[in-house]
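Every number in the working numbering is 1255 more than the matching position in the sequence shown, counting from 1.
Where is the CB? At the ideal position from N, CA and C, for every residue including glycine.
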Amino acid sequence: MGGILDAAQRLLEEYRLCDNCLGRQFATLGHGMDNAERGRSLKNTLLLEAHSMIQAEDKAGVRLLRKLAAHGMFEAAAQTLRRLGVEAGKGKKEKCQLCRGKIQEIPQLAAEIAEKAKEFEFNTFLVGAKIPAQLLEAEDSVRARCGAEWGESMKSEFTREIGKTLSKLTGKQADFANPELVVTVSPFKNEFTLKANPLFVEGRYRKLVTGIPQSRWLCRRCGGKGCSFCGGTGKKYPESVQEILEAPILKLTEGEGAEFHAGGREDIDAQVLGSGRPFVVEVKNPRRRFIDLERVRREVNAGGRVEVLDLKLAGKDAVRRVKAAEASPKVYRFLVESTERLTEEDLDAVEKAFTDRVIRQLTPRRVLHRRADKERERRVYSLKAEKLSDSRFEVTLKCQGGLYVKELVDGDEGRTTPSIAEVLGKKVKCLRLSVIDIGGEEDEV
Ligand SMILES: [Zn+2]
Ligand SMILES: [Zn+2]
């Protein structure tokens, strides 16, 4: 029975502790109350105990009351001493030795945070408190010395109390798994930072024109700084699918930057048609998260070069989902042009050769400058050829993601095999390549 009170008394004998810091040493005992209530209850009980000791003419009672008044910073103990006509002792106004009074400053600090948080749109938040290591260690040794083994850490109390106050002030909910706003507080430095977790905008895009790269393409001379070669833009191409999609999203979210994730990539001279290519724009530190996606869609589509479909807000799992589309089956359409005359037999031979066929490809010469030279195997599921003229036919190709299509046509000087050129025994090239479906089922087409 006396274990708790003894421990509380030992703590106050040695240390100056506010209600919270005393109560925190017993935080795992009792529910439905906070540490301030725990600490105050203990101080109240010790005061009654001390007063009864004095009435029983036990001198130790006065000593305990003085500790409560000085170390407990407990006004009722000081008052009781005065009523008894006892000098309370030099009542130096010092702060709690553990929290230095910072716990009592939480309401002001939380009010500042709530004010700053108005810059962000959010429904959920998470508070993380940074407590100097030497204070956490000091608390451990206080606890060990006084045999109080029911405590929680100061960090937990700061985190929870700031969170509770912030929730009251803002009406928003704390969320430990998936918070929209992350509040990092250093109460001992009176500092805090707010950072919004990324916002993910998922959709599919169609690239209606050629000549635009998928991602931002920096100038090779200056690496993006801007030079005379690139006319100061820092870029090789003035725009990209990435930039066209990111611009309205960044504008509406007021984010600090974005990352672009796509399910595979197309060459600059290839279109993306049909159902489009899946992508995710990951906005860093967005101020706004409740954005009008219909407006994004209108602004992107108004440019006439890229069209966006199925826009929606997503979780971060969208990145993995979209990346997975890279390996998923693709349907391409392109023209094959030959320098020699093409016959119906040629077309039949090509269709037959590329039904469920594994293609071996060494890294194409055109990308060797930026990719390692290695062999890959990709499957062609089906190929349909339609003759357009004596020198051209149109192909609809269904294949595994990651196949180099241009090289499937021209053979890349034997680095891709089999190829359409190899099957025909003729020199052919690929024209007007477009992606018309991404991520369909393998048994379709
Ligand atoms: Zn304290
Ligand atoms: Zn440049």
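Item	Value
Exercise answer, beta-carbon shell around ligand 2 heavy atoms below 6 angstroms	Cys1474, Arg1476, Cys1477, Gly1481, Cys1482, Phe1484, Cys1485, Gly1489
Which of helix, strand or coil DSSP assigns to Ser1530	strand
Cα-Cα separation, Val1613 to Glu1457	33 angstroms
Cross-strand partners of Asp1692 (DSSP beta bridge)	Val1586
Expected contact under 8 angstroms - CB spacing of Val1440 and Leu1364 to nearest Å	7 angstroms
Residue range of the unbroken beta strand (DSSP E) whose run includes Gly1458	1454 to 1462
Heavy atom of ligand 1 within 7 angstroms of Ile1358 beta-carbon	yes
Segment limits, beta strand (DSSP E) that includes Thr1414	Unbroken run through Thr1414 is the alpha helix (DSSP H), 1409 to 1425; no beta strand (DSSP E).
Given Gly1561 as reference, the closest of Gly1570, Ile1467, Lys1314, Ala1384 once Cα atoms are compared	Reading off the sequence, residue 1561 comes out as Val, not Gly. Of the candidates Gly1570, Ile1467, Lys1314, Ala1384, the one whose C-alpha sits nearest the C-alpha of Val1561 is Ile1467.
Continuous alpha helix (DSSP H) stretch holding Lys1661: start and end	1660 to 1665
Span separating the alpha-carbon of Gln1497 from that of Arg1471	6 angstroms
Delimiting residues of the alpha helix (DSSP H) encompassing Lys1371	1361 to 1371
Cβ shell of Glu1677 (< 6 angstroms), same chain only, five flanking positions each side left out	Gly1666
Residues that Glu1592 bridges to, as DSSP identifies them	Arg1647, Lys1684
Heavy atom of ligand 1 within 7 angstroms of Asn1275 beta-carbon	yes
Presumed contact (8 angstroms Cβ cut-off) between Met1409 and Cys1354, rounded CB distance	7 angstroms
Simplified DSSP state of Leu1353, which is helix, strand or coil	coil
Cys1401: CB within 7 angstroms of a non-hydrogen atom of ligand 1	no
Three-way DSSP call (helix, strand, coil) for Glu1699 in this model	Unreliable positioning characterises Glu1699 in this predicted model, as indicated by a pLDDT of 34, which lies under 50. The coordinate reading is nonetheless provided below. Three-state DSSP puts Glu1699 in coil, outside helix and strand.
Backbone secondary structure at Arg1633 - three-state DSSP	strand
Three-state secondary structure assigned by DSSP to Cys1276	helix
Phe1589 versus Ser1689: straight-line alpha-carbon distance, rounded	6 angstroms
Rounded C-alpha distance that separates Arg1398 from Ala1432	31 angstroms
When Lys1642, Leu1623, Leu1658 are compared against Tyr1636, the one with the closest alpha-carbon	Leu1658
Near ligand 1: Leu1272 beta-carbon under 7 angstroms from a heavy atom	yes
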